[in-house]
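Engineer: Each residue of the sequence shown is one higher than the last, beginning at 230 in the numbering used here. Please see the structure below; I have some questions.
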Amino acid sequence: MELDAPVLLSVDDLDTLIATLRTDGYRVIGPTVRDGAIVHAELTGVGDLPRGWTDEQGPGSYRLHRRDDDALFGYAVGPSSPRRELLPPRHRLWTAVSDGDVGFRVREEEHVPAKLALLGVRGCELAAIAVQDRVFLHGLYEDQVYTANRQDLLLVAVECGTPSGSCFCASMGTGPGIDGGADLTLTELFDPHRFLTRAGSTRGQELLAQLDHTGAGAADQDERTHRMDAAAEQMGRHLDTTDLHDLLLGNLEHPRWDDVAERCLACTNCTLVCPTCFCTTMEDTTSLTGDEAYRDRRWDSCFALGFSHTGPGSVRSSTRARYRQWCTHKLATWIDQFGTSGCVGCGRCITWCPVGIDITEEVAAIRATDGRRAARTGASP
Ligand code: SF4
Ligand code: SF4
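Right, dumping it as structure tokens:
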């Protein structure tokens, strides 16, 4: 949804936007450079953004480099995603305090609604939020923590002009351009440095009304179209989604699962960086003195051996079974469960896999030797 005509914001206007949000009580989270990567952290102004930085990504590799301009959003997604803010990696649910010899008093943690603004959100990340909304807001149960973080969420999205070597959002239909889902959507344009800005909600309109913007012309819009076309052309990877659900579920015994299991370390990195993964576990601990006990919810991963432990052992005891479960869930059974793919093409699992396993390559290998076709033709897969 797009309300009103697009406008132009300057870098100073963007700084004012961040200041306005902070004055309104929002904690503004966005990209910043830390420890050699672009990660999400609290922003106090445009000075905190990765001005003049870009990233080089590929299977198992991530490097930052200097750009030859002052772009504020001249890079693709880093290891952190909105999931970290909406579904924190660890969250205390309750504390039990000893009442002396008699027993325990349980104190439940309050889920206080957060006034959170996410700035610099990409198209694939908006799609990932929509995926998690289906699970935590519109699923069988409404998650109190997610709901508290989500209800006042303000989204300032930025269209992706510099996709990385791991990105394939164009294949998944989630980027690089953005057609809705954010309160404000920015496209960074140069010479002069400016942001073509569209409001996607009443709140976005109100924010724009507080800023000293100018109107955008046809040339600005053409430049945006050109940038998005160029970004889609530069996409580092491609995933053929034709018949993908049936392709994967029809190849559950394909030898490629053995091949990938030889390389996979079952380290869980791919699930921890994925913006749509939602699995958690409970962890109980006690204080050293033994007079307090805590129950925390923390992220879990289907790559962990204990994840599928039931009764006498793990249902998925081999790495082959766990990689297959993850890949087929993301790209096939997620559709059965939630009516949408569980993969938005952000490429994080490719970049942050220590051995460079690439989901697009694995699927392409299965497609190239499709066991169903082999069964029909009599050839061996
Ligand atoms: S499976 Fe990989 S590419 Fe797809 S959304 Fe998750 S991290 Fe991104
Ligand atoms: S695919 Fe890569 S990131 Fe995922 S568990 Fe295996 S080794 Fe780790």
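Built from N, CA and C at the ideal position, the CB exists for glycine as well.
Which residues does DSSP list as the beta-bridge partners of residue 286?
Structural biologist: 291, per the DSSP bridge assignment.
Engineer: Looking only at its chain, what residues have a beta carbon closer than 8 angstroms to the beta carbon of residue 607, apart from the 5 residues adjacent to it on each side?
Structural biologist: Note that residue 607 has pLDDT 47, beneath the 50 cutoff, so the model's placement of it is unreliable and no number is given.
Engineer: Considering only residues of the same chain and omitting the five flanking positions on each side of residue 316, which have a CB-CB separation below 6 angstroms?
Structural biologist: These residues qualify, in order along the chain: 375.
Engineer: Residue 269 bridges to which residues according to DSSP?
Structural biologist: Residue 269 pairs with 260.
Engineer: Should the region 576-596 be called in touch with the region 483-497, which here means at least 3 C-beta pairs below 8 angstroms?
Structural biologist: Touching, yes.
Engineer: Could you tell me whether the Cβ atoms of residue 398 and residue 305 are closer together than 7 angstroms?
Structural biologist: No. Outside cutoff.
Engineer: If we count Cβ pairs, one from each stretch, closer than 8 angstroms, do we get three or more for the region 530-543 versus the region 315-333?
Structural biologist: Taking 8 angstroms as the limit for Cβ pairs, the verdict is that the region 315-333 does not touch the region 530-543.
Engineer: Of the choices 516, 507, 574, 498, whose alpha-carbon is the least far from that of residue 584?
Structural biologist: Checked all of 516, 507, 574, 498; the closest Cα to residue 584 is 498.
Engineer: With contact counted as at least three CB pairs below 8 angstroms, one residue from each stretch, are the region 339-348 and the region 289-302 in contact?
Structural biologist: The region 339-348 vs the region 289-302: no contact.
Engineer: Between 425, 277, 582, which has its C-alpha nearest residue 286's C-alpha?
Structural biologist: That would be 582, whose Cα lies nearest to the Cα of residue 286.
Engineer: Any idea if residue 235 is buried or exposed, counting beta-carbon neighbours within 10 angstroms, 16 or more meaning buried?
Structural biologist: Buried, since its Cβ has 16 or more Cβ neighbours within 10 Å.
Engineer: On a CA-only basis, which of 550, 292, 246 is nearest residue 273? Give me that one, please.
Structural biologist: For the residues 550, 292, 246, the minimum Cα distance to residue 273 belongs to 246.
Engineer: Please tell me whether residue 325 and residue 505 are closer than 7 angstroms, where the distance is taken between their beta carbons.
Structural biologist: Going by C-beta atoms, residue 325 is not nearer than 7 angstroms to residue 505.
Engineer: Roughly how many whole angstroms lie between the Cα atoms of residue 562 and residue 474?
Structural biologist: Computed Cα separation, rounded: 7 angstroms.
Engineer: Measuring only the C-alpha atoms, how far is residue 360 from residue 347?
Structural biologist: In a straight line, the C-alpha of residue 360 is about 17 angstroms away from that of residue 347.
Engineer: In whole angstroms, what separates the C-alpha of residue 381 from that of residue 427?
Structural biologist: The alpha-carbon atoms of residue 381 and residue 427 are separated by roughly 20 angstroms.
Engineer: Buried or exposed for residue 417, going by 16 or more other Cβ atoms inside 10 Å?
Structural biologist: Result: buried.
Engineer: When burial is assigned at 16 or more other CB atoms within 10 Å of the CB, is residue 255 buried or exposed?
Structural biologist: Flag for residue 255 reads buried.
Engineer: Per DSSP, residue 424 is paired with what?
Structural biologist: Looking at the DSSP assignment, residue 424 forms a beta bridge with 238, 417.
Engineer: Residue 494 to residue 281, Cα distance in whole Å?
Structural biologist: So the alpha carbons of these two residues sit roughly 35 angstroms apart.
Engineer: Please state the DSSP three-state secondary structure of residue 370.
Structural biologist: If DSSP states are grouped into helix, strand and coil, residue 370 belongs with coil.
Engineer: Hey, would you say the C-beta of residue 505 is under 6 angstroms away from at least one heavy atom of ligand 1?
Structural biologist: Checking the Cβ of residue 505 against ligand 1 gives yes.
Engineer: What does the Cβ neighbour count give for residue 447, buried or exposed, with the cut at 16 atoms within 10 Å?
Structural biologist: When all chains shown are included, residue 447 counts as exposed.
Engineer: Find the nearest neighbour of residue 310 within the set 352, 490, 463, judged by alpha-carbon distance.
Structural biologist: The shortest C-alpha separation from residue 310 is found at 352.
Engineer: What are the boundary residues of the alpha helix (DSSP H) that includes residue 490?
Structural biologist: It spans 485-492 - the alpha helix (DSSP H) in which residue 490 sits, taken as one unbroken run.
Engineer: Per DSSP, which one or two residues make a beta bridge with residue 323?
Structural biologist: Looking at the DSSP assignment, residue 323 forms a beta bridge with 337, 524.
Engineer: Should residue 467 and residue 400 be called a contact, given that it needs their Cβ atoms to be closer than 7 angstroms?
Structural biologist: Against a cut-off of 7 angstroms, the Cβ pair of residue 400 and residue 467 comes out as a contact.
Engineer: Measure the Cβ-Cβ separation of residue 390 and residue 460 and say whether it is below 7 angstroms.
Structural biologist: Yes. Within cutoff.
Engineer: Looking at residue 555: is its Cβ nearer than 7 angstroms to the Cβ of residue 531?
Structural biologist: Yes, they are a contact pair.
Engineer: Using only the alpha-carbon positions, how far apart do residue 406 and residue 522 sit?
Structural biologist: One C-alpha to the other measures close to 48 angstroms.
Engineer: Taking Cβ to Cβ, would you say residue 198 is nearer than 7 angstroms to residue 383?
Structural biologist: In the structure as shown, the chain starts at 230 and stops at 610, and residue 198 therefore has no counterpart that could be examined.
Engineer: Going by Cα to Cα distance, which pick from 411, 388, 590 is closest to residue 455?
Structural biologist: For residue 455, the nearest C-alpha among the options comes from 388.
Engineer: Under the rule that 16 or more other beta-carbon atoms within 10 Å means buried, what is residue 511, buried or exposed?
Structural biologist: Under this definition residue 511 is an exposed residue.
Engineer: Between residue 584 and ligand 1, is there a pair consisting of the residue's CB and a ligand heavy atom that are separated by less than 6 angstroms?
Structural biologist: Result no, Cβ not under 6 angstroms from ligand 1.
Engineer: Pick out whichever of 569, 338, 452, 502 has its Cα sitting closest to the Cα of residue 579.
Structural biologist: Comparing Cα positions, the closest option is 502.
Engineer: So, helix, strand or coil for residue 435, using DSSP?
Structural biologist: Reduced to three states, the DSSP call for residue 435 is helix.
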